[in-house]
Amino acid sequence: MRARPIQLRNLLKPISSPSLNRIHLQKPVPFSLSSSTQTSLNKPLIPKPFFKSDRYDGLVNRLCRDKKFKEAIDVLCQQKRLKEAIQILDLLDHSSIRPSAAIYSTLLQLCLQQRALEEGKRVHAHIKFSGFVPGVFILNRLLDMYSKCESLVDARKLFDEMTQRDLCSWNTMISGYVKIGELDEAHKLFEEMPEKDNFSWSTMISGYVRRDRPKDALELYRRMLRDENMKCNKFTVSSALAASAAVPCLQLGKEIHGYIMRTGLDSDAVVWSALSDMYGKCGSIEEARHIFDKMLGRDVVSWTTMIGRYFEMGRREEGLGLFSDMLRSEIRPNDFTLAGVLNACSNQAAEDLGKQVHGYMTRIGFDPFSFAASTVVHMYSKCGNIESAKRFFKGISQPDLVSWTSMISGYAQNGQPEEALRYFELLLKSGTKPDHITFVGVLSACTHAGLVDKGLEYFRSIEEHGLTHTADHYACLVDLLGRSGRFEEAEEIIDKMPMKPDKFLWASLLGGCRIHGNLRLAKRAAEALLEIEPENAATYVTLANIYATAGMWDEVEKIRKTMDERGVVKNPGSSWIEVKRQVHVFLVRDKSHPRSKEIHDFLDKLSMRMKEEGYVPDTNYVLHDVEEEQKEQNLSYHSEKLAVAFGIIATPPGTPIKVFKNLRTCGDCHTAIKFISKIVEREIIMRDSNRFHRFKNGTCSCGDFW
DNA sequence: ATCCGCAAAA
């Protein structure tokens with residue numbers, strides 16, 4: 001930056017004119033020049049940003065001397081040297097040359113490009129005082145400059161002052177409002193404007209889409225169709241597709257698809273990607289893929305979108321397949337792509353694969369300041385490898401909030417709540433501002449550690465950090481109190497909290513009631529929960545388990561009947577384990593695995609050893625009315641046990657085993673795996689839908705506090 | 001001018 005004044009000096013030096021001295025005074029040279037020779041003056045302190053700009057300086061000097069100010073400004077603007085270009089206006093003032101629309105237009109265009117509001121205002125002021133009467137073209141440029149700089153108040157002032165406005169003025173004004181999200185103001189103008197073109201319509205439509213008002217967008221699109229003067233172009237069609245994708249409305253999307261084919265608008269890459277995305281968002285992933293395959297000019301974003309779509313639907317194999325296709329194509333994945341793949345690894349707990357992606361990122365040299373770094377932290381911590389997460393985290397020079405939060409909640413879930421809280425303190429020291437999700441991690445750490453009072457303190461401190469309590473925070477608080485049996489306080493909070501308790505809160509409370517056998521409150525929580533989501537089988541099952549533990553079998557039976565009547569289907573529990581980069585999935589009583597016989601034989605043997613060690617099956621966890629002796633058998637074939645057993649026989653002795661379950665683990669399995677970890681002398685890590693359990697030598701990191 | 005992509009918890 002320090003090179004600038006020198007350039008200016010060089011540029012102006014050969015000209016002798018009274019106005020030049022003025023500029024010299026305005027721009028003092030920031031270091032001593034007394035001993036410098038002419039040659040050293042010509043050498044810039046830092047490399048000049050533009051090729052051969054020395055020659056251009058000479059050129060500009062000559063142009064100014066010849067009073068060819070317009071040309072001088074053009075040269076400077078081409079080099080994006082806005083500040084110097086504006087200085088030329090001063091030279092102009094002191095000459096007999098009158099400013100022209102062309103000069104202002106060039107300058108404004110550069111201001112607009114660089115979002116330079118201050119400079120733009122200077123040009124505007126110059127126009128006002130130079131006596132130049134701007135035409136609608138220049139005024140539109142000014143409008144555009146203000147609206148691109150998001151200075152809508154200035155834009156509107158100008159707009160209202162304009163004696164004549166053309167279509168472009170209206171459109172510029174509208175798109176300015178749309179850009180800053182003032183859709184209602186934009187819409188007001190939209191209704192007022194004398195005539196609308198494709199731009200007006202598509203700006204409004206896509207504005208509504210982007211601000212999450214897809215219904216308004218569609219309504220507008222329908223209105224546009226009724227307007228006989230309007231013929232859709234690729235812009236309106238694209239925004240209409242985005243609208244039907246956002247609603248989502250497959251039927252309308254298909255209509256637009258048909259329209260596109262009929263009118264030959266299908267030659268545009270953007271239209272194609274909007275089309276593919278519309279099908280993807282409307283759930284027709286096959287159709288989306290079909291269009292993707294036929295699409296010309298697929299870019300990183302289209303690849304990333306398509307890959308992410310598969311992951312969204314849980315179709316991991318296809319997503320990864322497409323990712324490897326991408327690696328073989330000429331398009332390179334970027335941070336978004338990698339983040340998407342890593343995120344899929346996190347959710348599926350595919351650590352080996354995640355490691356590979358991490359390795360790939362290291363090889364191509366990813367930007368350590370990018371959000372992609374945070375997804376690596378998240379991946380390791382979600383895969384239960386908090387050590388790797390920490391190692392990677394420590395290698396980031398300036399971790400972002402997401403990385404911090406991933407570490408905090410990672411520790412909280414992995415049975416090291418003290419470490420989580422330590423990281424929170426470190427975060428505060430680092431000067432990063434926590435957000436509401438960080439506090440969810442902190443509060444859940446307190447919950448896992450049983451630090452009720454400390455949790456209450458953190459809860460109170462949330463507002464001191466300039467944040468407001470969210471429903472999530474209240475859910476954490478109730479979880480905290482409920483798990484340690486402080487139900488009175490929990491209920492008081494529920495009755496007093498400023499928003500309606502959500503399903504997470506009631507589910508937490510129900511969990512607390514299960515631990516402490518609080519039947520009355522369990523009933524209240526379950527009722528509230530069933531009102532919110534009557535189809536969730538987990539609620540029925542938990543409530544039934546609470547009654548079963550209390551020996552109230554009539555109630556259990558009643559719940560079972562209600563479930564049948566309402567047609568509630570239990571979400572099938574499944575567990576999986578990654579062995580040699582292959583994922584093996586197990587369901588209850590699953591016999592489909594190729595090594596099923598071995599697994600079951602092994603479990604039988606294990607079962608005997610466990611009983612010798614003092615394990616007693618807890619049949620309360622069996623909801624359905626099977627015969628007593630059969631219950632025990634059902635238990636031993638729960639998916640998590642199958643996956644653990646397979647892990648043991650498929651890996652060398654001593655290898656830690658990592659199993660993942662889509663639901664919460666059942667209490668009996670939890671006890672059983674504690675025994676297994678001791679018998680086979682393995683560390684067993686299980687991630688259920690709630691947290692991690694690390695079993696080692698007969699105990700679990702959750703301290704049975706789940 | 002228009003389209004599409006990431007992230008922390010429960």
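Count the first sequence with the UniProt record's numbering and you get residues 1 to 706, in order. We treat Cβ as the ideally placed atom computed from N, Cα and C, and that holds for glycine.
Based on the DSSP secondary-structure assignment, which residues constitute the bridge partners of residue i?
i             : result
histidine 516 : According to DSSP, histidine 516 bridges with nothing at all.
lysine 696    : Thr699
Specify the secondary structure class of residue i as computed by DSSP and reduced to three states.
i                 : result
lysine 196        : coil
proline 14        : Unreliable positioning characterises proline 14 in this predicted model, as indicated by a pLDDT of 29, which lies under 50. The coordinate reading is nonetheless provided below. Note: proline 14 maps to coil in three-state DSSP.
arginine 687      : strand
valine 177        : The question names valine, yet the displayed sequence has tyrosine at residue 177. Here tyrosine 177 sits in helix by DSSP.
phenylalanine 311 : helix
isoleucine 396    : coil
isoleucine 97     : coil
histidine 448     : helix
lysine 67         : coil
lysine 433        : coil
lysine 570        : coil
cysteine 168      : helix
phenylalanine 504 : helix
arginine 156      : helix
residue 755       : Residue 755 lies beyond the stretch modelled for the chain, which goes from 1 to 706, so this question has no answer here.
phenylalanine 235 : helix
aspartate 704     : coil
Please work out which residues of its chain come closer than 6 Å, Cβ to Cβ, to residue i, disregarding the five sequence neighbours upstream and downstream, and give them in chain order.
i                 : result
phenylalanine 586 : Ser575, Ser639, Leu642 and Ala643
methionine 407    : Phe393 and Tyr423
aspartate 335     : Ser370 and Ala372
asparagine 690    : Arg664
aspartate 212     : none
glutamate 287     : Tyr279
phenylalanine 292 : Ser276 and Met306
isoleucine 546    : Arg514 and Ala522
cysteine 77       : Ala85, Thr106 and Leu110
serine 409        : Gly441
leucine 41        : At leucine 41 the pLDDT is 32, less than 50, meaning the model places this residue with poor confidence and gives no usable figure here.
glutamine 348     : Arg316
Going by the beta-carbon positions, is the gap between residue i and residue j smaller than 9 Å?
i                 : j             : result
phenylalanine 199 : serine 175    : yes
alanine 350       : valine 583    : yes
histidine 473     : leucine 443   : yes
valine 209        : alanine 186   : no
leucine 167       : alanine 155   : no
lysine 148        : leucine 112   : yes
glycine 441       : alanine 412   : yes
serine 677        : glutamine 416 : no
serine 508        : cysteine 476  : yes
arginine 520      : alanine 544   : no
threonine 405     : threonine 438 : yes
asparagine 414    : arginine 694  : yes
So residue i is in the beta strand (DSSP E); what residue range does that whole segment cover?
i             : result
glutamate 578 : 574–579
lysine 658    : 657–661
Residues in its own chain within less than 7 Å of residue i by CB, not counting five upstream and five downstream?
i              : result
asparagine 518 : Phe487
valine 271     : Lys234, Val237, Ser238, Ile260 and Leu265
proline 368    : Ile396 and Ser397
glutamate 598  : Ile649
leucine 530    : Thr539
serine 388     : Tyr380
methionine 1   : Any reading at methionine 1 is ruled out, since the residue's pLDDT is 33, under 50, leaving its predicted position unreliable.
Only counting the same chain, and skipping five residues up and downstream in sequence, which positions put a Cβ closer than 8 Å to that of residue i?
i                 : result
leucine 603       : Ser636, Tyr637, Lys641, Leu642 and Ala645
valine 659        : Ser575, Trp576, Ile577, Glu640, Ala643, Val644, Gly647, Ile684, Ile685, Met686 and Arg687
cysteine 446      : Pro417, Leu421, Val452, Lys454, Gly455, Tyr458 and Leu480
proline 656       : Arg682, Glu683, Ile684 and Ile685
phenylalanine 366 : Asp335, Leu338, Ala372 and Ala373
Over the uninterrupted alpha helix (DSSP H) stretch that includes residue i, give me the two end residues.
i              : result
glutamine 582  : Not the alpha helix (DSSP H): glutamine 582 falls in the beta strand (DSSP E), residues 582–587.
methionine 497 : Here methionine 497 belongs to no alpha helix (DSSP H), and DSSP marks it neither H nor E.
isoleucine 331 : Careful: isoleucine 331 lies outside any alpha helix (DSSP H) and carries neither H nor E.
alanine 643    : 639–650
proline 134    : Neither: proline 134 is in no alpha helix (DSSP H) and is coded neither H nor E.
methionine 278 : 269–281
aspartate 293  : 285–294
methionine 610 : 596–613
serine 374     : 372–382
valine 478     : 471–483
Using only the heavy atoms of the ligand HEM, determine whether one of them is closer than 8 Å to the beta carbon of residue i.
i            : result
aspartate 90 : No copy of the ligand HEM appears in this structure; indeed no ligand is present at all.
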